[in-house]
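Numbering (UniProt numbering), first residue to last: 1 to 420.
Every residue gets a Cβ at the ideal spot worked out from N, C-alpha and C, and that includes glycine.
Only a predicted model underlies this, so the values are computations on that prediction, with no experimental measurement involved.
Notes follow the structure.
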C-alpha cells in the first residue's frame, strides 16, 4: 500500500491548527506534536526540497513572523539555535518585521550587517507605523547621506530626524527646500542662515499645518503681513505669535478663524466683537463661542443662524445654551445628546442628566478618586435610569467627556411621575 505524502500546503494548515489549539495532533504524520513553530517549519523545509514548496514555506514563515513579531523577533535575535540564527541573515524576514514594527530595528541593530542593508533600512523608514519611533538612530551612519531616504523619513512628520542628516545635506539649500515642503517642522532645526532665507520661510509657512515652523521662526517674520497670512492660512492658531497690530488686522484674523475657529482666542479684543469674524469662527468650530463672553447672551438670544452654525460644527457648543434653548435646538436638529467634560458638568449640576449604557439617566451620586501611582483620577457615578427607574453605575476618567441627554419636557414629566 502506497504511503501518501502530505503537501506543504496541507502541513501549513496543521501548523496553524497547532498554533491556535493545544490539542494532541501527533497522529498527523508525527511532525507537529511538541514542536515549536520554527521547528515545524524547519522540519518541513527538510522534507520538501522543490522550489515551489520552499517558496510556499518561506512565505508562510514571513507571514507568521510579521503577525507575531513581538515574540518571534526576540527568538530570532537572541536564540543560539542554528536554524534561528540563520534567519537573522534572511533579508526578506528582517525587512518584513521592521516594516510592521520599525522599533524592532533596535533588536536587529545588534547584528551589524542588518543595519547596513539598504532594503531593510528602507523597509523600516517606509513603514506607515513609524510615528514617533526614532528609527534613524539604529541604522548605519552611511545612510545619513542618502537624500531620498532622509527625505522619506521626514514624510512621517518627525522633524527632529534632521539632527542625523549628514553635513552635505543640511547645508544643501535645494535639499532643504524639499525638506520643508515635506515636513514644515524641519524649519525649526535649520541654521540661522536658512531660517532667514525668504523662499525657504515662505514654503515652510505655507505647509505649516502644526504651527511648528512659525512658532520658531525669526522674530522679523511675525510682524510681516504676507508671512503671517501664509502661516495662519495653514494653522489658524499661529495667530498667537503674530505681532499685536496684525492680531488687530481683519483680513489676518478672518483668515485664521476660517482655518481654525479657536484662533479667535488670540485676536485683538477689538475684533472679538466683529460679527463676520465671530460668525466664521463658530462656523468652523462652535466652541469659539467661549471667546465672545461679553456678547454671548445677546448673540444666543437674537442670532439663530449663528447658533445653528455653532451646533452643526461642534455638538459641545450646546453647553453655552440654557436648558430650554438646548431642548429647542435638539428637537430641531434631531440630536439626542451632546458631549460635555465630566468635571465641568458636575461643577454646575450635581444631579445632572447623563447617558449610561445607551440610556438617559439622572445622577444620584458621584465620587472622584485621586490620581496616584496606579493611574489617573477616576470618577465613579451612580445614576437612575429615567425610563425604567433602575440603578446604573459606571467609572470614567475624571478628565474625560460624558454624553448629556436631551430629555424632552413631555417625556420627562411622565418619567418623573413614574419614579416618584
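Residue 405 - partner residues in DSSP beta bridges: Per DSSP, 337.
Same chain, Cβ closer than 7 Å to residue 30, neighbours up to 5 away in sequence not counted: Confidence in residue 30 is poor, its pLDDT being 36 and thus under 50, which makes the residue's placement unreliable; the coordinate value appears in the next sentence. Within its own chain, no residue has a Cβ closer than 7 Å to the Cβ of residue 30 once the five positions on either side in sequence are excluded.
Run of the alpha helix (DSSP H) containing residue 278, from where it starts to where it stops: 275-284 is the extent of the alpha helix (DSSP H) around residue 278.
Helix, strand or coil at residue 165 [DSSP, three-state]: Residue state, collapsed to three classes: coil.
Residue 179, enclosing alpha helix (DSSP H) - first and last residue: Annotation: the continuous alpha helix (DSSP H) that includes residue 179 extends over 173-182.
Buried or exposed (CB count within 10 angstroms, at least 16 for buried), residue 59: By the C-beta density criterion, residue 59 is exposed, having fewer than 16 other C-beta atoms within 10 angstroms.
Residue 362 - partner residues in DSSP beta bridges: In the DSSP output, where bridge partners are listed per residue, residue 362 has 353, 384.
Neighbour-count burial assignment, residue 5, 16 or more Cβ in a 10 Å radius: Confidence at residue 5 is low in this model, with a pLDDT of 48, below 50, so its placement is unreliable and the value that follows should be read with caution. Counting the other CB atoms within 10 Å of its CB gives residue 5 a total below 16, which places it among the exposed residues.
Neighbour-count burial assignment, residue 87, 16 or more Cβ in a 10 Å radius: Burial state of residue 87 is buried, judged by a 10 Å Cβ sphere holding 16 or more other Cβ atoms.
For residue 50 and residue 2, the rounded distance between their alpha carbons: Residue confidence is low: residue 2 scores 44 on pLDDT, short of 50, so the model does not pin down where it sits. No coordinate-derived value is stated.
Residue 212: first and last residue of the uninterrupted alpha helix (DSSP H) it sits in: Annotation for residue 212: the continuous alpha helix (DSSP H) segment containing it runs 212-215.
Cβ separation of residue 362 and residue 351, assumed to be a contact under 8 Å, to the nearest whole Å: In this structure residue 362 touches residue 351 by the C-beta definition: roughly 6 Å separates them, less than 8 Å.
Residue 82 burial status per 10 Å Cβ neighbour count (16 or more: buried): It is exposed - the Cβ of residue 82 has fewer than 16 other Cβ atoms within 10 Å.
Where residue 261 sits in the DSSP three-state scheme: It is helical.
Given 8 Å, three or more beta-carbon pairs between the stretch 336-346 and the stretch 399-407: With contact defined as three or more Cβ pairs closer than 8 Å, the stretch 336-346 and the stretch 399-407 are in contact.
Between the CA atoms of residue 390 and residue 369 - distance to the nearest angstrom: Residue 369 and residue 390: Cα-Cα distance of roughly 25 Å.
Contacting residues, own chain, Cβ-Cβ under 8 Å from residue 235 (five flanking each side not counted): Answer for residue 235: 208, 209, 210, 211, 214, 259, 260, listed in chain order.
Close-in-space but distant-in-sequence residues of the same chain around residue 273 (CB under 8 Å, 5 per side omitted): Excluding residues within five positions, the ones whose Cβ falls inside 8 Å are 292, 294, 295.
Rounded straight-line distance, which links the Cα of residue 119 to that of residue 218: For residue 218 and residue 119, the distance between alpha carbons rounds to 40 Å.
Cβ pair residue 89, residue 121 closer than 8 Å: No, Cβ-Cβ distance for residue 89 and residue 121 is not below 8 Å.
Assumed close pair residue 242, residue 262 - CB separation to whole angstroms, cut-off 8 Å: Contact doesn't hold; Cβ gap of about 15 Å is too wide.
Three-state secondary structure (DSSP) of residue 400: Three-state DSSP puts residue 400 in coil, outside helix and strand.
Entirely enclosed alpha helix (DSSP H) segments - the stretch 184-243, minimum 4 residues: Fully enclosed alpha helix (DSSP H) runs of 4 or longer: 192-195, 198-206, 212-215, 225-234.
Three-state class that DSSP yields for residue 328 in the structure shown: For residue 328, the three-state secondary structure derived from DSSP is helix.
Bounding residues of the alpha helix (DSSP H) (the contiguous stretch that carries residue 151): Where residue 151 is concerned, the enclosing alpha helix (DSSP H) stretches over 147-154.
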